[in-house]
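Only one structure is covered here, and it is reproduced in the block below.
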């Protein structure tokens with residue numbers, strides 16, 4: 001193929017512009033990315049060679065070499081991995097098929113635009129070379145192709161790149177960075193070695209650099225023709241826990257997650273038995289931008305006997321733990337494991353169950369012994385963990401103990417166990433209310449009788465709460481009961497005199513209740529007196545078995561149709577506005593106002609706000 005000049009894909013142009021103009025913090029990240037890419041290329045060769053051993057040609061020892069030329073101002077990253085054909089070079093280096101491209105650019109253009117750590121998160125690590133280089137040359141040949149089908153790719157990182165066919169006897173890839181002015185700090189062996197040691201020590205392949213020796217005549221270190229490994233070339237997770245420092249664990253986490261912060265917690269274990277595997281799993285300190293994308297995977301990397309298999313091993317971790325990062329290395333799975341096998345394998349199921357329990361045990365330990373740290377975790381990931389209540393029935397009881405809520409006694413951090421320990425003598429249920437915001441929950445009129453009697457109520461404000469509660473009915477033998485559904489029954493917490501007084505009041509108000517039912521027959525399925533109200537004249541509740549108004553609103557916001565059901569209006573017989581109803585000529589207007597106010601207090605929306613305003617105005621001028 002003669003030399004061709006081609007244009008970058010539009011998204012690549014934007015990324016290159018951002019890389020060269022915005023990413024100027026932590027420049028050394030470029031070497032981490034390129035060494036990581038070289039390691040991936042070797043992993044891919046190792047994987048393909050399982051079925052085609054001839055791909056190794058006459059060079060079975062996989063390695064990565066990093067060298068520099070101070071006079072030419074170049075750094076070369078060499079690997080003898082899978083390499084690329086001409087078409088692959090154009091495809092992989094000139095276009096991006098990643099769905100995360102737009103999010104990557106949005107992140108760079110936002111508050112984190114100076115954070116070069118972001119670049120590896122979206123599969124665009126190769127372009128990090130342009131942070132320090134004004135031109136990059138790639139020479140490569142795919143394993144299995146003849147030497148005449150080598151490829152040279154070159155670009156200055158603007159709008160175009162050149163591709164041509166070259167003679168290349170060795171397979172693999174050389175990435176040659178032509179450093180821009182002002183980047184001479186990277187033309188030093190000690191600097192490159194320190195970066196490799198910092199970021200790439202865990203890579204299971206040797207990363208080699210020319211050996212240095214002291215020259216007595218020149219009084220300086222000089223480069224020899226020998227090569228030596230500058231990393232430990234041992235997978236960190238395969239090492240004994242006693243041989244790994246906390247700093248090494250944290251640095252490894254940053255490498256695999258592209259997170260600039262240390263993890264909140266981690267666990268490193270070797271599991272033996274019928275299924276043998278090693279797990280190194282981390283809980284991040286901060287939620288990623290795509291946490292709510294349930295289709296997003298990539299948190300746990302799967303290795304088999306230290307051979308990388310895939311980095312989106314969704315079968316190894318349930319969806320509600322999608323924030324977990326780490327590595328699972330199995331000694332038993334077949335090396336040519338496929339996605340279909342992952343879904344069906346009994347061994348994989350055992351690994352998934354074991355890893356899930358290990359993560360839950362880690363969270364339980366943090367919740368028990370580091371309450372402040374667990375509060376940080378809950379703020380970031382609590383709403384996602386709640387998904388597990390409906391998805392993981394085996395571990396539902398353990399998950400329920402990890403849940404935290406706000407309540408009428410605390411703005412956060414209340415667990416079911418805390419609530420049960422504070423229950424009133426004679427209290428038989430765990431009371432809760434769902435609302436869109438904490439303020440709305442706190443001001444709900446349904447809480448009035450509970451506040452008066454000092455009964456704690458959990459305040460649930462996450463969108464997932466209604467769904468979660470459809471799967472969680474009790475805790476420690478105590479039923480969960482909504483204060484906004486059905487009739488209020490405080491059981492032993494309400495004395496006989498209160499019950500008798502309530503019954504007498506309901507009997508006395510029968511004529512008013514009948515008129516209210518008639519006036520509101522299109523809007524309420526029933527009207528009744530209640531003991532749950534203290535200061536408010538009325539409130540709206542859902543009937544037992546009906547969908548709550550809050551859940552109906554959530555479904556509507558999601559574009560779904562909620563089952564049609566009318567609410568129940570409960571009135572406070574002792575409130576002056578209710579007492580005013582009997583004998584008032586404006587009964588119908590008062591009835592509608594009473595219902596509308598109860599609807600607004602509950603967080604609902606009026607179907608006809610103008611009619612409500614007109615009714616109120618008529619009352620004000622009367």
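Numbering (this note's numbering), first residue to last: 1 to 622.
C-beta atoms are modelled at their ideal positions from N, C-alpha and C, and glycine is treated no differently.
Small disclaimer: the values here were computed from a predicted structure and weren't measured.
Please confirm if the stretch 411-431 is in contact with the stretch 348-362, defined as three or more CB-CB distances below 8 Å between the two stretches.
In short, these stretches do not touch, since the Cβ pair count stays below three.
For residue 82 versus residue 139, is the C-beta distance shorter than 9 Å?
The residue labelled residue 82 in the question sits at position 82 within the chain shown. The residue labelled residue 139 in the question sits at position 139 within the chain shown. Result no, Cβ atoms of residue 82 and residue 139 do not sit closer than 9 Å.
Among 360, 303, 436, 314, which has the Cα closest to the Cα of residue 332?
Against the chain shown, residue 332 aligns to sequence position 332. Per the Cα distances, 303.
Could you check how far apart the C-beta atoms of residue 179 and residue 65 are, in whole angstroms? I think they sit under 8 Å.
Here the question's residue 179 lines up with position 179 in the chain shown. Here the question's residue 65 lines up with position 65 in the chain shown. No, residue 179 and residue 65 are not in contact; Cβ-Cβ is about 18 Å, not under 8 Å.
Which residues in the same chain have their Cβ closer than 8 Å to the Cβ of residue 376, if we skip the five residues on either side of it in sequence?
In the chain shown, residue 376 corresponds to position 376, counting from 1. Cβ within range, chain order: 264, 285.
Work out the CA separation of residue 54 and residue 257 for me, nearest whole Å.
One-based indexing of the chain shown puts residue 257 at position 257. One-based indexing of the chain shown puts residue 54 at position 54. C-alpha separation (whole angstroms): 34 Å.
Looking only at C-alpha atoms, which of 604, 479, 77 sits nearest to residue 39?
For the purposes of this step, residue 39 is taken as residue 39 along the chain shown, with counting starting at 1. It is 77 whose Cα lies nearest to the Cα of residue 39.
According to DSSP, residue 540 sits in a beta bridge with which residue or residues?
On the chain shown, residue 540 is found 540 positions in, with the first residue counted as 1. DSSP output for residue 540 lists 569 as bridge partner(s).
DSSP has residue 210 in a bridge; who is on the other side?
Here residue 210 is taken as the residue at index 210 of the chain shown, counted from 1. Its beta-bridge partners are 227.
Who are the Cβ neighbours of residue 262 in its own chain at under 6 Å, not counting the five residues just before and after it?
By 1-based counting over the chain shown, the position of residue 262 is 262. If we look at residue 262 and ignore the five residues flanking it on each side, its Cβ neighbours are 250.
Beta strand (DSSP E) containing residue 237: first to last residue?
Working through the chain shown from its first residue, we reach residue 237 at position 237. Element bounds for residue 237: n/a, residue is neither H nor E.
By the DSSP assignment, the alpha helix (DSSP H) with residue 355 in it spans what residues?
Here residue 355 refers to the residue found at position 355 of the chain shown. It spans 346-369 - the alpha helix (DSSP H) in which residue 355 sits, taken as one unbroken run.
Can you give the Cα-Cα distance for residue 524 and residue 385, rounded to whole angstroms?
In the chain shown, the residue the question calls residue 524 occupies position 524. In the chain shown, the residue the question calls residue 385 occupies position 385. Using only the alpha carbons, I get a separation of about 36 Å.
From which residue to which residue does the alpha helix (DSSP H) around residue 621 run?
Numbered from 1 along the chain shown, position 621 holds the residue referred to as residue 621. Element bounds for residue 621: 609-621.
Below 8 Å on the Cβ atoms is my guess for residue 406 versus residue 459; work out the distance and round it to an integer in Å.
For this step, residue 406 is matched to residue 406 along the chain shown. For this step, residue 459 is matched to residue 459 along the chain shown. Contact holds; Cβ gap of about 4 Å.
Can you tell me which of 511, 202, 475 puts its alpha carbon nearest to the alpha carbon of residue 237?
As a working mapping, residue 237 is identified with position 237 in the chain shown. Ranking the options by Cα distance to residue 237, first place goes to 202.
Sorted by chain position, which residues of the same chain lie with C-beta nearer than 7 Å to residue 596's C-beta, five sequence neighbours on each side aside?
Indexing the chain shown from 1 puts residue 596 at position 596. Same-chain partners within the cutoff: 606, 612.
Buried or exposed, going by whether 16 or more other CB atoms sit within 10 Å of the CB of residue 281?
Translated into the one-based positions of the chain shown, residue 281 becomes position 281. Answer is buried; the Cβ neighbour count reaches 16.
Taking only the alpha-carbon atoms, compute the straight-line gap between residue 327 and residue 364 and give it to the nearest angstrom.
Against the chain shown, residue 327 aligns to sequence position 327. Against the chain shown, residue 364 aligns to sequence position 364. Roughly 21 Å between the two C-alpha positions.
For residue 484, which residues from the same chain have a beta carbon less than 6 Å from its beta carbon, with the 5 sequence-adjacent residues on both sides left out?
By one-based count along the chain shown, residue 484 stands at place 484. Here the set comprises 433, 446, 541.
At a cut of 8 Å, does the stretch 222-241 reach the stretch 190-205 through at least three beta carbon pairs?
The stretch 222-241, when compared against the stretch 190-205, does touch it at the 8 Å Cβ threshold.
Pull up the distance between the alpha-carbon of residue 275 and that of residue 268, whole angstroms please.
Here residue 275 is taken as the residue at index 275 of the chain shown, counted from 1. Here residue 268 is taken as the residue at index 268 of the chain shown, counted from 1. Approximately 17 Å, taken between the alpha carbons.
Give me, in chain order, the residues of the same chain whose beta-carbon lies closer than 8 Å to that of residue 89; leave out the 5 immediate sequence neighbours on both sides.
As a position in the chain shown, residue 89 is number 89, starting the count at 1. Hits under 8 Å: 138, 140, 151, 153, 163.
Please go through the same chain and pick out, in chain order, the residues whose beta-carbon is closer than 7 Å to the beta-carbon of residue 2, but skip the five residues on each side of it.
If you number the chain shown from 1, residue 2 lands on position 2. Same-chain partners within the cutoff: 164.
Quick one: measure Cβ to Cβ for residue 126 and residue 37, integer angstroms, because I've assumed they're closer than 8 Å.
To locate residue 126, count along the chain shown from 1; it is residue 126. To locate residue 37, count along the chain shown from 1; it is residue 37. Contact flag correct, Cβ pair sits at about 6 Å.
To the nearest whole angstrom, what separates the beta carbons of residue 27 and residue 131, a pair I think is in contact under 8 Å?
Here residue 27 refers to the residue found at position 27 when the chain shown is read from its first residue. Here residue 131 refers to the residue found at position 131 when the chain shown is read from its first residue. Between residue 131 and residue 27 the Cβ distance is about 5 Å, and since that is below 8 Å, they are a contact.
Measure how close the beta-carbons of residue 67 and residue 169 come, nearest whole angstrom, since I'm counting them as under 8 Å.
Residue numbering aside, residue 67 sits at position 67 when the chain shown is read from its first letter. Residue numbering aside, residue 169 sits at position 169 when the chain shown is read from its first letter. Contact doesn't hold; Cβ gap of about 18 Å is too wide.
May I ask you to report which of helix, strand or coil DSSP gives residue 17?
Taking the chain shown and counting its residues from 1, the one referred to as residue 17 is at position 17. DSSP places residue 17 in helix when its eight states are reduced to three.
Below 9 Å between beta carbons: does that hold for residue 462 and residue 382?
On the chain shown, position 462 is the one that residue 462 refers to. On the chain shown, position 382 is the one that residue 382 refers to. In this structure, residue 382 lies closer than 9 Å to residue 462 by Cβ.
Going by DSSP, what residues sit across from residue 136 in a beta bridge?
For the purposes of this step, residue 136 is identified with residue 136 of the chain shown, where counting begins at 1. In DSSP, residue 136 forms a bridge with 155, 177.
Over what stretch of residues does the alpha helix (DSSP H) that includes residue 286 continue unbroken?
On the chain shown, position 286 is the one that residue 286 refers to. Neither: residue 286 is in no alpha helix (DSSP H) and is coded neither H nor E.
Based on DSSP bridge pairs, tell me the residues matched to residue 300.
Here residue 300 corresponds to residue number 300 of the chain shown, with the count starting at 1. Residue 300 is bridged to 326.
Compare the Cα-Cα distances from residue 33 to each of 440, 198, 451 and report the closest residue.
Along the chain shown, read from residue 1 onward, the residue named residue 33 stands at position 33. Here the closest residue by C-alpha is 198.
Can you tell me which of 583, 253, 545, 52 puts its alpha carbon nearest to the alpha carbon of residue 565?
Mapped onto the chain shown, residue 565 falls at position 565. Of the candidates 583, 253, 545, 52, the one whose C-alpha sits nearest the C-alpha of residue 565 is 545.
Would you mind reading off the limits of the alpha helix (DSSP H) that contains residue 37?
One-based indexing of the chain shown puts residue 37 at position 37. Run containing residue 37: 29-48, per the alpha helix (DSSP H) assignment.
Report all residues from its chain with a CB closer than 8 Å to the CB of residue 226; omit the five preceding and five following residues, and keep chain order.
Sequence index remark: in the chain shown, residue 226 carries index 226 (1-based). Taken in chain order, the residues that qualify are 210, 211.
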